[in-house]
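What follows is one structure encoded as structure tokens, with my remarks underneath.
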Amino acid sequence: MTTPAERYAAFREKYGDDGPALRSFRDLYEFELDDFQIDACRALEAGDGVLVAAPTGSGKTVVGEFAVHLALEQGRKCFYTTPIKALSNQKYNDLVKRYGTAKVGLLTGDNSVNGEAPIVVMTTEVLRNMLYAGSATLAGLGFAVMDEVHYLADRFRGAVWEEVIIHLPESVRLAALSATVSNAEEFGEWLGEVRGDTTVIVDEHRPVPLWQHMMVGNLIYDLFMPDDETPRINPTLMRVTRDAERLTAGRGRRGNGRPSRSRPPDRTQVIEKLDSEGLLPAITFIFSRAGCDAAVQQCLNAGIRLTTERERHEIRQLVDERTAHLPDEDLAVLGYLEWRDALERGLAAHHAGMLPAFKEVVEELFTRGLVKAVFATETLALGINMPARSVVIEKLDKWNGETHADLTPGEYTQLTGRAGRRGIDVEGHAVVLWQLGMDPLSVAGLAGTRTYPLRSSFQPSYNMAVNLVGQFGRERARTLLEESFAQFQADRAVVGLAKQLRKHEEALEGYQEAMTCHLGDFTEYAGLRRRLSDREAQLAKQRGAARRAAAVRSLEALQPGDVIRVPGGRRAGLAIVLDPGRNPRGHGPSPLVLTIGKQVKKLDPADFPVPVEPIEKLRIPKNFNGRSPKERANLVSTLLAKIGDRDLGKPPRARDHAVEDDEINELRRRVRQHPCHGCDEREDHARWAERYYKLLRETEGLRRRVEGRSHVISRTFDRICSVLEQLGYLRGETVTEEGRRLGRIYTELDLLTAECLRSGLWEELDPAELAACVSALVFESRQADDARRPKIPAGRAQDALTSMVRLWGELEGIESDHGLETIREPDLGFAWAAFRWTKGHSLDAVLMDGVNGSELAAGDFVRWIKQLMDLLGQLGNAAPEGSKIKLTATKAMDAMRRGVVAYSSLA
46 MTTPAERYAA FREKYGDDGP ALRSFRDLYE FELDDFQIDA CRALEAGDGV
96 LVAAPTGSGK TVVGEFAVHL ALEQGRKCFY TTPIKALSNQ KYNDLVKRYG
146 TAKVGLLTGD NSVNGEAPIV VMTTEVLRNM LYAGSATLAG LGFAVMDEVH
196 YLADRFRGAV WEEVIIHLPE SVRLAALSAT VSNAEEFGEW LGEVRGDTTV
246 IVDEHRPVPL WQHMMVGNLI YDLFMPDDET PRINPTLMRV TRDAERLTAG
296 RGRRGNGRPS RSRPPDRTQV IEKLDSEGLL PAITFIFSRA GCDAAVQQCL
346 NAGIRLTTER ERHEIRQLVD ERTAHLPDED LAVLGYLEWR DALERGLAAH
396 HAGMLPAFKE VVEELFTRGL VKAVFATETL ALGINMPARS VVIEKLDKWN
446 GETHADLTPG EYTQLTGRAG RRGIDVEGHA VVLWQLGMDP LSVAGLAGTR
496 TYPLRSSFQP SYNMAVNLVG QFGRERARTL LEESFAQFQA DRAVVGLAKQ
546 LRKHEEALEG YQEAMTCHLG DFTEYAGLRR RLSDREAQLA KQRGAARRAA
596 AVRSLEALQP GDVIRVPGGR RAGLAIVLDP GRNPRGHGPS PLVLTIGKQV
646 KKLDPADFPV PVEPIEKLRI PKNFNGRSPK ERANLVSTLL AKIGDRDLGK
696 PPRARDHAVE DDEINELRRR VRQHPCHGCD EREDHARWAE RYYKLLRETE
746 GLRRRVEGRS HVISRTFDRI CSVLEQLGYL RGETVTEEGR RLGRIYTELD
796 LLTAECLRSG LWEELDPAEL AACVSALVFE SRQADDARRP KIPAGRAQDA
846 LTSMVRLWGE LEGIESDHGL ETIREPDLGF AWAAFRWTKG HSLDAVLMDG
896 VNGSELAAGD FVRWIKQLMD LLGQLGNAAP EGSKIKLTAT KAMDAMRRGV
946 VAYSSLA
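Take 46 as the starting number for the sequence shown in our numbering and just add one per residue.
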């Protein structure tokens with residue numbers, strides 16, 4: 046039994062440093078705050094900014110909520126920013142429940158609700174745009190919460206976070222919430238430099254312990270020994286996986302001599318096993334949309350049902366309520382009944398291809414514990430708060446858009462961070478499915494590396510440049526950009542590089558001494574030998590370039606129906622030219638061919654080390670369809686019949702012939718006549734000379750890196766300003782009228798958009814044609830499709846799109862002259878879908894036609910239409926006086942805002 050004095054002392058120890066705002070804030074929660082949350086809240090109330098780096102699910106957002114509470118207590122405003130609209134919507138709803146609709150607003154690209162409220166939730170881009178526009182809404186702002194601030198590493202959108210941090214008024218206190226990163230102190234130090242006093246709080250403790258497992262066959266094994274203080278791999282797991290490898294290899298040898306392909310456990314087995322072990326609800330990460338949908342179908346086919354009768358009734362009621370606003374004809378297209386049936390069984394997919402409204406329903410049902418098994422792509426790990434008891438990872442590699450890349454420790458941590466629901470689960474579980482070739486040691490390496498470094502992706506843009514120059518002038522703008530985290534990290538790296546440079550220079554002196562020759566100047570002799578070697582390499586390179594140029598010329602001469610031989614590589618063999626693929630922008634021809642293997646492929650000059658000559662000519666049917674397997678097979682059969690048994694000989698090979706060169710002959714003569722050429726230790730000296738020159742090259746490279754990293758951001762800014770001056774957007778320190786219009790265009794292709802607007806390319810277009818053209822500035826294909834060219838509307842839209850591509854080529858040339866490479870080519874893949882939707886065609890027809898002939902996912906369609914509408918709105922604001930664009934853009938947006946687009950709250 047404690048005395049009153051002891052109880053008072055304990056109270057003082059626990060609450061003594063709390064200010065009045067924190068004391069009242071604690072009363073809002075039924076649970077005790079963690080130490081890291083209390084430390085961060087105390088720092089905010091004391092007047093500091095804070096950086097909180099803590100694991101997913103640890104409760105970082107409590108610190109953001111305290112910033113909101115503190116602002117209200119002090120009669121000031123708080124902006125709560127998130128990286129995605131889904132998070133903004135979720136946080137808005139949370140805050141409305143606490144403070145009521147009168148005190149909370151929401152600003153995203155789609156929604157504007159009570160924007161002058163004291164608490165406003167918004168996407169980070171909205172706040173950036175407000176800062177550049179000098180919005181009156183910023184008046185009275187006391188706090189800004191930046192949730193998921195580690196997004197500043199995102200190479201596409203990361204710059205926005207740094208822009209906001211740099212440009213927020215000095216009086217605003219920042220609460221930055223981040224995932225656990227290994228360089229939080231470095232990031233915090235930078236925040237301190239640009240924002241003033243900043244308290245860095247790093248908490249690596251998971252509130253719900255995470256157990257790591259591997260599933261081999263139908264059994265789940267612990268990855269680490271449970272009672273060891275230092276993690277040690279489970280020896281039973283090592284033995285089981287070795288035995289499985291041997292058994293699989295043995296079966297393969299008894300069969301066709303090759304190991305059979307080992308598959309992870311069947312998805313239905315995994316769900317049934319997790320269910321029997323009490324490990325549901327679970328999220329299974331499958332790095333493929335089609336894989337997620339297939340997993341749900343497999344579970345349905347297996348008759349899996351994870352819900353009770355009462356839960357099924359509750360699910361149906363919620364699903365019908367949440368989708369009541371969607372048109373019946375669209376629901377039929379979207380596979381609504383099949384989707385609802387899966388939900389009633391406790392199963393769902395979750396990926397970006399789904400309709401946003403469907404994803405929201407899955408998220409709500411899963412959070413309520415009604416859906417028990419979700420199959421998701423990795424985008425869920427970066428999105429809204431949707432924790433599970435268990436996380437399953439099917440593979441340790443994923444397609445990153447270019448290649449299959451291994452998961453990084455950071456990605457693994459992000460995925461497994463979803464396991465373990467605070468206040469519900471005693472522990473969370475991460476299960477990796479074993480397959481042939483997977484080493485438990487590599488899984489342990491991923492699981493044991495808890496953090497990853499935060500790297501800035503900041504780069505100045507054209508829009509940023511005109512806005513900064515307009516507000517601050519060029520010199521002050523350069524200084525502001527020098528304050529970026531990107532430059533801060535570059536400067537830090539320079540210190541280490543300079544130290545390495547000094548070491549190299551000392552080593553060079555030692556090497557020079559070791560190659561000293563008593564017969565003469567060995568440095569001079571080694572220089573002659575190196576010049577000789579470089580000249581021989583240069584000639585070989587020139588011969589290769591001449592060969593490639595001849596190959597390009599031969600490709601440019603090809604005609605449809607020519608039968609050619611691809612000399613090597615994956616596409617080696619005979620092929621029929623369907624389209625010569627001549628490129629007017631000078632990137633070399635890319636012929637579209639039908640291979641002997643009946644595949645339609647796009648070739649490029651790299652496939653032809655030697656010039657190509659047609660060996661036969663075929664007539665291609667007028668309406669030949671390269672997507673029809675039957676028509677492809679018929680054409681290949683015609684080719685084989687025409688070639689018959691003719692001996693075509695061996696494929697031509699590239700051969701180099703020695704070329705007499707006066708410079709080489711002179712250098713050889715001088716090498717032989719040099720005094721050091723007769724030295725007995727010549728080759729020993731030469732080895733030291735090789736080391737010397739190799740290190741000299743590395744040293745010069747280091748020196749260039751040191752010079753390149755110094756003021757790298759401001760140098761890029763200067764180049765961008767030079768381009769803007771050449772094009773008339775800047776005139777010295779003055780932003781022109783065209784420049785001010787560019788300052789209102791926030792998109793990746795900002796300069797191309799402004800040039801299209803200025804040139805009047807779109808003035809005579811109707812709403813659907815304008816939508817088709819502007820879509821090329823926002824859309825990016827998920828993957829290149831060699832066999833298909835995008836379908837685009839004919840007439841004025843086609844002419845405008847052609848002009849846009851030509852304009853892009855001109856801008857690319859101007860950028861190249863200034864040492865820049867920022868503008869990607871417009872992507873015409875969505876033009877037909879945008880055109881048809883704006884014309885009023887049905888969702889079914891638009892999705893079936895899709896992109897480049899491939900069916901379009903509903904979620905992708907809605908997302909691209911929303912982004913297109915956003916840019917059309919910007920064009921309306923940026924259009925010059927007297928332009929028809931504002932009215933046409935408004936009509937286009939009105940025409941697109943229907944059906945699933947009108948009822949989708951997310952982009």
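We treat Cβ as the ideally placed atom computed from N, Cα and C, and that holds for glycine. Owing to the predicted nature of the structure, the values given are computational and were not obtained by experimental measurement.
Closest by C-alpha distance to G788, out of G473, Y507, V158, is Y507. Taking all protein chains shown into account, A369 has fewer than 16 neighbouring C-beta atoms within 10 Å of its C-beta and is therefore exposed.
Following the DSSP letters along the chain, one finds T640 in no alpha helix (DSSP H) but inside the beta strand (DSSP E) bounded by residues 637-640. For I609, the secondary structure class from DSSP, reduced to helix, strand or coil, is strand. Taking C-beta atoms as the reference points, G606 and L663 count as a pair closer than 8 Å. Counting C-beta pairs closer than 8 Å gives fewer than three between the stretch 811-821 and the stretch 536-556, which falls short of the contact rule.
With 16 or more other Cβ atoms from the protein chains shown falling within 10 Å of its own Cβ, Q912 counts as buried. S887 sits in coil when the DSSP states are folded into three classes, being neither helix nor strand.
The C-beta of I316 has 16 or more other C-beta atoms within 10 Å across all chains shown, which makes the residue buried. In the three-state reduction of the DSSP assignment, S861 falls in the helix class, which pools H, G and I.
Listed in chain order, the beta strand (DSSP E) runs fully inside the stretch 72-105 are 94-98, counting runs of at least 3 residues.
Note: Q257 is bridge-paired with A475 in the DSSP secondary-structure output. Between P650 and R593 a beta carbon distance of about 6 Å is seen, short of the 8 Å cut, so the two are scored as contacting.
The residue from S180, R143, A947, S759 with its alpha-carbon nearest to that of E520 is S759.
Leaving aside the five residues that flank G233 on each side, the residues in its chain whose CB is nearer than 6 Å to its CB run, in chain order, L96, T243, V245. DSSP lists no beta-bridge partner residue for S501.
Taking a 10 Å sphere around the C-beta of A204, we find 16 or more other C-beta atoms and assign the residue as buried.
Counting the other CB atoms within 10 Å of its CB gives Q362 a total below 16, which places it among the exposed residues. By the Cβ neighbour-count rule, L264 is exposed, with fewer than 16 other Cβ atoms within 10 Å of its own. Rounded to the nearest angstrom, the gap between the Cα atoms of I790 and M399 is 29 Å. Ranked by Cα distance from R851, the first of N628, A602, G633 is N628. Secondary structure remark: continuous alpha helix (DSSP H) runs of at least 4 residues inside the stretch 388-471, in chain order: 401-412, 454-461. With a threshold of 16 other beta carbon atoms within 10 Å, N512 meets it and is buried.
Collapsing the DSSP output to three states places G618 in a strand.
A residue is called buried when at least 16 other Cβ atoms come within 10 angstroms of its Cβ; R284 does not meet this threshold and is exposed. Per the C-alpha coordinates, the member of V261, D311, S804, L268 positioned closest to D288 is V261. Nearest to S529 by alpha-carbon distance, out of V891, H212, N668, is H212.
In this structure the stretch 881-894 touches the stretch 373-387; the number of beta carbon pairs closer than 8 Å is three or more. Contact between the stretch 719-734 and the stretch 578-589 is absent: fewer than three C-beta pairs spanning the two stretches fall below 8 Å. A direct Cα-Cα distance of roughly 20 Å separates R87 from E215. Rounded to whole angstroms, the gap between the alpha carbons of E743 and L546 is 9 Å.
Between D566 and A590, the alpha-carbon positions lie close to 36 Å from each other.
Under the DSSP assignment, D267 falls outside any alpha helix (DSSP H), being part of the beta strand (DSSP E) whose first and last residues are 264-267. With a cutoff of 8 Å on beta-carbon distance, V239 and L222 are scored as not near each other. The shortest C-alpha to C-alpha distance from E866 to any of S501, A879, E793, P674 is the one to E793.
According to the DSSP assignment, M191 belongs to the beta strand (DSSP E) that extends over 186-191.
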